[in-house]
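A short worksheet on the structure shown next.
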Amino acid sequence: MLKEILDSIKRELKETPRIVLFEEEEEAKELIEEALKYHGVEEIKVVKNEEELFFFLSKDCPTVLVYSFGGNFEEVIANINQIKSLFPKLKVFCLAPYDDEVDLARLFFSGADEAIQKPFSIGEFIARLAKLLRTYYLEKKIEQLLVEDPLTFAYNRRFFEASIREEALRALRYGFPLSLVMIDLDKFKYYNDTYGHAEGDKVLQGIAILLCENTRLKVDKVCRYGGDEFVIILPHTDWKKALVVVKRIIKAYEKNPFEPVTLSFGIASLIDRGDLEWSVSDLIKRADSAMYQAKKMPGNTFVVDPETIIACSKEEAPLVVQLSPHTQKPHPQD
Numbered sequence: 069m070l071k072e073i074l075d076s077i078k079r080e081l082k083e084t085p086r087i088v089l090f091e092e093e094e095e096a097k098e099l100i101e102e103a104l105k106y107h108g109v110e111e112i113k114v115v116k117n118e119e120e121l122f123f124f125l126s127k128d129c130p131t132v133l134v135y136s137f138g139g140n141f142e143e144v145i146a147n148i149n150q151i152k153s154l155f156p157k158l159k160v161f162c163l164a165p166y167d168d169e170v171d172l173a174r175l176f177f178s179g180a181d182e183a184i185q186k187p188f189s190i191g192e193f194i195a196r197l198a199k200l201l202r203t204y205y206l207e208k209k210i211e212q213l214l215v216e217d218p219l220t221f222a223y224n225r226r227f228f229e230a231s232i233r234e235e236a237l238r239a240l241r242y243g244f245p246l247s248l249v250m251i252d253l254d255k256f257k258y259y260n261d262t263y264g265h266a267e268g269d270k271v272l273q274g275i276a277i278l279l280c281e282n283t284r285l286k287v288d289k290v291c292r293y294g295g296d297e298f299v300i301i302l303p304h305t306d307w308k309k310a311l312v313v314v315k316r317i318i319k320a321y322e323k324n325p326f327e328p329v330t331l332s333f334g335i336a337s338l339i340d341r342g343d344l345e346w347s348v349s350d351l352i353k354r355a356d357s358a359m360y361q362a363k364k365m366p367g368n369t370f371v372v373d374p375e376t377i378i379a380c381s382k383e384e385a386p387l388v389v390q391l392s393p394h395t396q397k398p399h400p401q402d
């Protein structure tokens, strides 16, 4: 049962479940760790004190915390409260020495996701862990349905609108750059009309894969903006670095294009307008405008928003345009 859930998480969620074990008793630690390995858990981190626990959680939050304790109960409750407030998606599995139902109830009220009374059998422990990981798996699948575009598996428009606001807030607060790339598929309507919508869907899927393969996993965010438009959120990236990303995408696409479809890119970086909502809407508008400027050029072209360059260099600069050497004539607008 546990191995099946672990396999589903790795196969469908593309992640390896990580377990942190907080256990002070050496014999119990070895027994639990051995059982976890036997049932297919690949990544296990053992911590022996609370200082080490909080340090590790802040550095790399795992999937499940197996929290074994036998000390001050009020301190345990406080720790669980703190852990869940800092890491709300972390699953906490308590191994409790108490047989008092009131104490067990308090563990759940404090944020524990699962609990088992000591002493316990390894069989019951593994079964409860499997149940907890299945809950995690189902929650992640639901989350995917809410934020993923069902055709391309890129993030959807709803996710983009929430994410760009969050990233802009962080960028403005801490002073790091944030860039946005808008992408439009040129001649896509012609492709759809000529080859059919099923083939057109394959183009959208292929472009989404291409964009994901040429951006940073779990850092950059590739989203389907609507129809034949995509957008990439690039945190900690100024326009020059965004340009490197776009050139890499163009180079990769030209090696295996969906002819006659070409790509037009608009690049813009966040400018502080004194208000978060204004700054975000302004960023999107400038990236979109740059993209439409690119669509007036031959295919596989990018344009950098002029305000972005001016804001960075403090002097006026012309549009920056890259034309594909394989494309000589302007393409018709969709």
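Under our numbering, the first residue of the sequence shown is numbered 69, with each subsequent residue one higher.
Positions of the beta carbon are idealized from the N, C-alpha and C atoms, including for glycine.
Keep in mind that this is a model prediction, so the values were computed, not measured.
Cβ neighbour criterion (16 or more within 10 Å) applied to residue i
i       : result
Thr-131 : buried
Met-365 : buried
Glu-235 : buried
Ala-146 : exposed
Met-69  : exposed
Tyr-259 : buried
Ser-126 : exposed
Gly-243 : exposed
His-394 : Summary for His-394: the model assigns pLDDT 45, below 50, so the residue's position carries little reliability; its value from the coordinates is reported in the next sentence. Label assigned to His-394: exposed.
Lys-286 : exposed
Phe-228 : buried
Pro-303 : buried
Glu-383 : Caution is warranted here: a pLDDT of 40 is assigned to Glu-383, below 50, making its placement in the model unreliable, and the coordinate value is therefore given only provisionally. It is exposed - the Cβ of Glu-383 has fewer than 16 other Cβ atoms within 10 Å.
Asn-419 : Because the chain is modelled from 69 through 402, residue 419 falls outside the range shown and cannot be assessed.
Lys-255 : buried
Gly-284 : In the sequence under discussion, the amino acid at residue 284 is Arg, which differs from the Gly named in the question. So Arg-284 counts as exposed.
Asp-217 : buried
Reduced DSSP category for residue i - H, G, I as helix; E, B as strand; rest coil
i       : result
Pro-85  : coil
Leu-391 : With a pLDDT of 47 at Leu-391, under the threshold of 50, the modelled position of that residue is not reliable, and the figure given next carries that caveat. If DSSP states are grouped into helix, strand and coil, Leu-391 belongs with coil.
Arg-292 : strand
Ile-77  : helix
Lys-127 : helix
Ser-189 : coil
Ala-96  : helix
Thr-330 : strand
Phe-298 : strand
Ala-336 : strand
Tyr-204 : helix
Cβ-Cβ distance between residue i and residue j below 8 angstroms
i       : j       : result
Val-114 : Glu-93  : no
Ile-232 : Val-160 : no
Ala-407 : Ala-183 : This structure cannot settle anything about residue 407, because the visible part of the chain is limited to 69 through 402.
Ile-112 : Leu-89  : yes
Thr-330 : Gln-273 : no
Asn-368 : Arg-292 : no
Asp-306 : Pro-245 : yes
Leu-248 : Val-299 : yes
Ile-335 : Ala-320 : no
Leu-311 : Val-371 : no
Ala-222 : Val-290 : yes
Ile-73  : Arg-226 : no
Cβ distance (whole Å) where residue i is taken to contact residue j below 8 angstroms
i       : j       : result
Asp-296 : Leu-253 : 4 angstroms
Cys-162 : Tyr-135 : 5 angstroms
Ala-362 : Phe-333 : 6 angstroms
Leu-104 : Ile-77  : Their Cβ separation, rounded to whole angstroms, is 15 angstroms, which puts Leu-104 and Ile-77 out of contact at 8 angstroms.
Asp-288 : Ile-275 : Between Ile-275 and Asp-288 the Cβ distance is about 15 angstroms, and since that is not below 8 angstroms, they are no contact.
Leu-154 : Leu-133 : The pair is not a contact, with the Cβ atoms about 12 angstroms apart (cut-off 8 angstroms).
Lys-208 : Gly-179 : That pair is no contact at about 19 angstroms.
Beta bridge counterpart(s) of residue i as assigned by DSSP
i       : result
Ile-378 : None; Ile-378 has no bridge partner.
Phe-161 : Val-134 and Glu-182
Leu-197 : Paired residues: none, contrary to the question.
Lys-113 : Val-88
The ligand FAD heavy atom lying under 7 angstroms from the CB of residue i
i      : result
Leu-70 : For the structure depicted, the ligand FAD is absent and the ligand set is empty, with no information on it obtainable.
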